[in-house]
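Using the numbering used here, read the sequence shown as starting at 16 and increasing by one per residue.
Just so it is clear, CB atoms sit at the ideal spot from N, CA and C, and this is done for glycine as well.
Written out below as structure tokens is the structure these notes cover.
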Amino acid sequence: MTHAMSCKGIGVSFGKFRALNDVNLDFPAGRVTALIGPNGAGKTTLLNVLSGILTADRGQITVGGQDVTHMAPHRRAALGIARSFQIFTIFPEMTVLENVRFARQRKHLKVALPWQLAHRMSQTRRDAMAVLDRFGLADLAQTQAANLSHGKQRALELAIVVVNEPELLLLDEPLAGVGHSEMEEFSALVGEAIQGRTAILVEHNMDMVMGISDQIVVLLGGEVLAKGTPSDIRSDPRVRDAYLGE
Ligand code: ADP
16 MTHAMSCKGI
26 GVSFGKFRAL
36 NDVNLDFPAG
46 RVTALIGPNG
56 AGKTTLLNVL
66 SGILTADRGQ
76 ITVGGQDVTH
86 MAPHRRAALG
96 IARSFQIFTI
106 FPEMTVLENV
116 RFARQRKHLK
126 VALPWQLAHR
136 MSQTRRDAMA
146 VLDRFGLADL
156 AQTQAANLSH
166 GKQRALELAI
176 VVVNEPELLL
186 LDEPLAGVGH
196 SEMEEFSALV
206 GEAIQGRTAI
216 LVEHNMDMVM
226 GISDQIVVLL
236 GGEVLAKGTP
246 SDIRSDPRVR
256 DAYLGE
């Protein structure tokens, strides 16, 4: 089952500086929400609070109705919340297959009894190969991750996140650093990764944001300036003034 996430009255300060102030948002189950806004608006801070890397000073976060406000990141992960951490989640000296299989095994073998291990090991290989296939990496399964092109490393990062079938996916600028020629293909892979999940992404590419999102949240100075469908946001004069600059 895919869970909804919500946050109420979230406040985060760094010293005297308020990075987030009274943020109230609902992230509906199975829907895609994009967080947009100028640099310094608080987008990454909000993603950090939702994934548990950072604990909010004020407010409450719930997932499927369960209070996770003070739950550590690894416990949130066990609830099915996954966060992409860009390329440094990849082990460069391992092959593409080993990377995805390792990510799968960390979860899948932890709960296995000794006599189940052999069966589970071959199951993780099959799961990993199926995900590589979905992300256009099957032919590169035996390639060392360090030797992949930048675009393929980004695809591998998505495969690593998706192999455990998270219910809730938090993505920080999935298109950052993707070249123009790979943009279309990679956008489709991000679409594949978030399909059917509750997804929250920070992204600057407005074509992608407008095309993929069910809901867009505009942050400015640590507060929610506007939220709505892509067409609501596109036609909101406050958003145009503050951010879109059209
Ligand atoms: P965005 O992702 O929208 O660009 P951030 O969430 O990264 O914005 O940052 C919001 C504000 O909080 C920025 O002014 C940033 O300088 C500040 N900030 C973020 N993290 C820290 C930190 N660990 N210590 C001090 N200030 C921080």
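**Request:** For I76, I'd like the list of residues in its chain whose CB is within less than 6 Å of its CB, leaving aside the five on either flank, ordered along the chain.
**Result:** C22, V83, T84
**Prompt:** How is E238 classed by DSSP in three states: helix, strand or coil?
**Reply:** strand
**Asked** What span of residues does the alpha helix (DSSP H) with K58 cover, start to end?
**Response** 58–66
**Request:** Any chance you could list the alpha helix (DSSP H) runs of at least 4 consecutive residues sitting entirely within the stretch 135–179, in chain order?
**Result:** 165–177
**Asked** Nearest-angstrom Cα distance between I170 and L204?
**Response** One detail in the question is off: residue 170 reads as Ala in this sequence, not Ile. One C-alpha to the other measures close to 7 Å.
**Element boundaries [beta strand (DSSP E), containing G26]** = 20–29
**Message:** Does the distance between the C-beta of P181 and the nearest non-hydrogen atom of the ligand ADP fall short of 8 Å?
**Reply:** no
**Prompt:** Given R253, which residues of its chain have a CB within under 7 Å of its CB, disregarding the five upstream and five downstream residues?
**Reply:** L240, A241
**Request:** Please find out if some non-hydrogen atom of the ligand ADP comes closer than 8 Å to the beta-carbon of K58.
**Result:** yes
**Asked** How about L61 and L186: are their beta carbons less than 9 Å apart?
**Response** A distance of 9 Å or more separates the beta carbons of L61 and L186.
**Asked** Should the stretch 142–162 be called in touch with the stretch 49–65, which here means at least 3 C-beta pairs below 8 Å?
**Response** no
**Request:** For R212, count neighbouring C-beta atoms within 10 Å of its own C-beta (all shown protein chains included) and say buried if the count is 16 or more, exposed if not.
**Result:** buried
**Request:** Closer than 8 Å by C-beta to F117: which residues in its own chain qualify, once you throw out the five before and the five after it? Chain order, please.
**Result:** F106, M109
**Item:** Candidates H195, E113, V47: closest to I215 by CA position
**Value:** V47
**Request:** Give the secondary structure of R46 by DSSP, where H, G and I count as helix, E and B as strand, and everything else as coil.
**Result:** coil
**Request:** Quick one: which unbroken alpha helix (DSSP H) runs of 4-plus residues sit fully inside the stretch 64–101? Chain order, please.
**Result:** 88–93
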